[in-house]
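Residue numbers 1 to 924, in UniProt numbering, belong to the letters of the sequence shown in order.
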Amino acid sequence: MKALLSDTKVQAGFGILLLILGGINFWLWNDHEEFHPDEYLKVALKRLVPRSQMDANLVNLDSAELRRQALQATRWAEAVAYPGQELIVSFDYLYGIIYFGDAMAMEGDPSTQKPMLRKAAWHLREADQGEDPQYKHRLKYAYGVCLQKLGNTDEAINQLEQIFDFKEAIKAHRPGKSKDDIEIEPLSARQLLDASLRLQNMWWLEKDEMTLLKAARYSNAVYWVLQQGPGILPLHEEQPYPEMSPQQLDQVDPNNKLVFTHQGITKFTDEQRYEALILRAQVYAAVNRISDLLDSHPELTGVSVDAIIHRELTDEERNLQSTKLIQAQHLMEEGLFQQARKGLEEIAHSKGLDRTYARKALFLIGECDRESGELLIDENDQQERFDRAIVFYERTADEFSNTPEGVAANLWAAVLHQKVGKDEQALQRYRKALKSIEDVEEFQNIWLSLLRFQDEVHRGWRRWIDEQKYDDAIALSKWLPRLFSEARSKELVAETYKQHALYLDERLKSANYSQWKKLKTEMRAVWVQAGAASEEKAQYLKNASEYSDALWESSDQYRRGHDFKKSIRVTHQFISCKPGRGLARAYVRLGENYMDLDLLDDAIEAFKRVILEYPTDVFAFEAQHLLGQCYFEKSYLDEKNSDNLAKAEEAWVKVYTSEKLTPDALEWRRTLFGLGRLYFLKGSMIYNQNMISGKESKENDSANESDRLNEAFDYWSLAIDRLDELLVRLPDGENQFEARYLLAHAYRRSAEKPAAEFEIAETDTAREGLRLQVNEFNLEAMGQFEILRDKLLKLKNADRLDELGQRILRNSYFEIAHILYALGDIDAAKDAYFAAVTEYPDDEMVILSYIQIANCFKQKGQDLDANAFIATARFTYEKFLQDGTIFAKNKTNLSQDEWGYWLDWTRNAYGLSQADSTEEGDLQ
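Now the structure itself:
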């Protein structure tokens, strides 16, 4: 080699070569600017035509070198062209065709091919929007193939189908025109056939009746040209198409039109012929299964798949694995799964380095077992068949994970695992199938359309939702962005949490109280997650209405999860986007959230805004009701401030007296309860003032005291009217227990007025009338307490009574006993006290009950029994003291010391001393 390089002639040769290259380089970067851009574009175009049309000096260059030279020429042209200059062809067209050629040369290497396809598709799309009619078919072909390989099947079909436009085909084949004058330059025979076969394949894969019809028609056209040659049409025409008028062209037979558009296919190679026949067999295997299609299009009848394989193909072609695979698929479509499986097993076990057909066969064996299993009726037989299918699917997926068969196998393995109840394995396979998707817009799989993939995954997700397996559904939903759009995947994630929360909410209705607390906590946490998911979903929605709806749903879900601060934040976002409807409702929600955070002044402002700005909106009534609720709650915080109570009453009376609301309206019913509670509270406040003033002044003005009692009685009467009306209309409404409890106490308190008048009555007749009034009120009260006791006791026995219900039930037991004692029904009172003591043995009211039982015995003249129960009361008090927790619960207004003082006073009244406590040992 050293000797060669040192040779003088060789050195001189290298010197001349370098001189030539330097001159070319100088010319390229200096002198070439004198040429018009079209000159360089012509250089590029000459290197991109089919080889049969190339200049002799270019024919021997390889395709990559030709594209490189075309690319360089295009760049030179772009360098010297000025903006807006009219050129013979667009730069985007040339770049697109060049990059398309580079991409096709990378077949088998998706990692490098896809970026190049995207690059080509971008330029071709730009060129498609311009004016390059002469190269339209070439552009459509290259752009359509790019789109098909990138997974955009619909647009690929749209582009490729335009190549077979009848009237444009006439322009491409118009006789008497030179190559330079031709209107649309036709595709090469190879490209035209390839475009037709690609269309047929895409239509066949869709398996839709209309697309199969198109595939069959195109297959017929190709088959006609294959059999008859390019110069003959199915039906004779009187004159050539280029000489016909537009009206005559419209009347041409559709089959003739389609065959004419395929007449550019002047010859078939053996490989092309085989590909066309095999695809024809696949298309007609699908067509022959649709009787409606054959009935409506008789021209499709009579094409036998077996005839194509056994008569049209050579012996060598019939023995190809690809042919055997097609035969097996045909048997599967005929329902002959065992025969198909036998042929597939032969392919799967074949030897060789190329495992393409072996992996297809493995996958199709799984398909055989799955499809045949779905036809079985016996569940055990079906599960056995599905298990067998899973084995082959998983083998395919594990051995050929990144292939179309591997992706489809993972999906179907997941579907079958889920069907047989193996959720963990199903989730694992779903993840693997979804993980294989890099870009959903470029997804392409001959065994699985994107729509079918999405449907199966969505069906699996829904199945877990329906089976209340929310953990699995949520785990799957986290992988959905790979398969669906971001908006759609976020929607499904949000829906998962929502369905889980609704399921827990439904369980709460039948849960016992011990389960209720845990479920309530869990449900609220899930609602918060749903709110976060809906809020995230909103960020991906472009439609303003959908965006605001998602925000509203998020706000509602946060609220149901008791995350009131986040609900406020998202509600403000909803208001800020200025939706066409729902602002009044939004301000009501703001107010509700403020109320739950005890920000009552902010809530009041929100409700007032609704009333002032949206007075005719249906939510104005709810705002009015809640405004009254705010003032009512403020009265509690401000030591029962009468001004706030007056404002609450004013707000509620407006709702109660509105002619626009019926008693069926929720706001009206809630307002009725609010008014009843307010009137009871106002009467009790006046009565308590009366009691306090009576204690503080020994010389109390009896007239004023009587007036206050009359005023309190009037409010209690109003409370009775409102609460009774509510319970008559809705005996089982949402506030039934609290309303009935307040009603009972209103009757009980109302007895105070005739009782006070009884004390100062001067005649027996007056006293008797007043006594009857007292008893009537007490009996009404007792009736309500008994209803409460019976209803609440059923809930308690079923362990479904909440804390408020438990307090009401406990008080009802003791109140019934007190009323019976006040009515003078001593035996019934004694039994009622015993019932209360039995039900609540560790309640401090037991002490009072024992004292009252002692009083019952005392009134019956049974002093020994009376003294015994006084001693029992004392013993119970001391036991509670030792326990240390009973009095801490503060169920009454007395402290443990006050209970002791009062008990000592009672013992003294009964004439019992500490020495008598020896009897307590016997009691113990």
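Backbone N, C-alpha and C fix where the C-beta goes; we use that ideal spot for every residue, glycine too.
If one requires a minimum length of 3 residues, no beta strand (DSSP E) run lies completely within the stretch 693-768. In terms of Cβ geometry, Leu-411 and Arg-429 form a close pair [threshold 9 Å]. His-745 sits buried, since 16 or more C-beta atoms from the chains shown fall within 10 Å of its C-beta. When the Cα atoms are used, Ser-52 and Leu-45 turn out to be separated by approximately 14 Å. Per DSSP, Leu-541 is not a residue of any alpha helix (DSSP H), being assigned neither H nor E. Here Ala-397 is buried, its C-beta having at least 16 other C-beta atoms within 10 Å. In the three-state reduction of the DSSP assignment, Leu-58 falls in the coil class. In this structure the stretch 534-542 lies against the stretch 551-563, because at least three pairs of beta carbons, one per stretch, are closer than 8 Å.
Per DSSP, the unbroken alpha helix (DSSP H) holding Cys-856 starts and ends at 845-859. By the CB criterion at 9 Å, Leu-450 and Arg-482 fall outside the cutoff.
Fully enclosed alpha helix (DSSP H) runs of no fewer than 4 residues occupy 63-80, 91-104 of the stretch 42-125, in order along the chain. By the CB criterion at 9 Å, His-330 and Ala-276 fall outside the cutoff. Counting every other CB atom within 10 Å of its CB across the protein chains shown gives Glu-659 a total below 16, marking it as exposed. Taking C-beta atoms as the reference points, Lys-682 and Ser-642 count as a pair closer than 9 Å. Segment contact: the stretch 287-295 against the stretch 192-212, three or more CB-CB distances shorter than 8 Å; contact assigned. Taking a cut-off of 8 Å on C-beta distances, the stretch 305-313 does not touch the stretch 235-246, as fewer than three cross pairs fall below it. The C-beta distance from Val-283 to Ser-219 rounds to 5 Å, short enough to meet the 8 Å contact threshold. The C-beta of Arg-581 has fewer than 16 other C-beta atoms within 10 Å across all chains shown, which makes the residue exposed.
Residue Glu-633 holds the alpha-carbon nearest to the alpha-carbon of Tyr-594 among Glu-613, Phe-785, Glu-633.
The beta carbon of Gly-264 sits closer than 7 Å to those of Pro-186, Leu-187, Ala-189, Leu-192, all from its chain and outside the five residues before and after it, given in chain order. Two segments are said to touch when three or more pairs of C-beta atoms, one from each, lie closer than 8 Å; by this definition the stretch 375-391 does not touch the stretch 338-346. In the three-state scheme derived from DSSP, where H, G and I count as helix and E and B as strand, Phe-785 is classed as helix. Fully contained in the stretch 139-167 are the following alpha helix (DSSP H) runs of length 4 or more, in chain order: 153-161.
Per DSSP, the unbroken alpha helix (DSSP H) holding Asp-295 starts and ends at 291-296. Taking C-beta atoms as the reference points, Met-104 and Val-145 count as a pair closer than 9 Å. Taken atom to atom, the span from the alpha-carbon of Thr-266 to that of Leu-258 is near 15 Å.
Minimum Cα-Cα distance from Lys-542 among the listed residues Val-440, Glu-486, Arg-740, Ile-347 corresponds to Glu-486. Taking all protein chains in view, the Cβ of Val-303 is crowded by 16 or more other Cβ atoms within 10 Å, so the residue is classified as buried. Looking at the backbone, the Cα of Phe-607 and that of Val-655 are separated by about 14 Å. Shown here, Val-588 sits in a helix according to DSSP, grouped into three states. Measuring C-alpha to C-alpha distances from Arg-789 to each of Tyr-813, Leu-804, Ala-781 identifies Tyr-813 as the nearest. Distance from the CA atom of Thr-269 to the CA atom of Leu-226, rounded to whole angstroms, is 11 Å.
By the neighbour-count criterion, in which 16 or more other beta carbons inside 10 Å mark a residue as buried, Lys-830 falls on the buried side.
Per DSSP, the continuous alpha helix (DSSP H) segment holding Leu-249 begins and ends at 246-250. Listed in chain order, the non-local C-beta contacts of Ala-739 below 7 Å within the same chain comprise Phe-673, Gly-676, Leu-723, Leu-726, Leu-727, local neighbours out to five positions each way being set aside. The three-state secondary structure of Cys-577, taken from DSSP, is coil.
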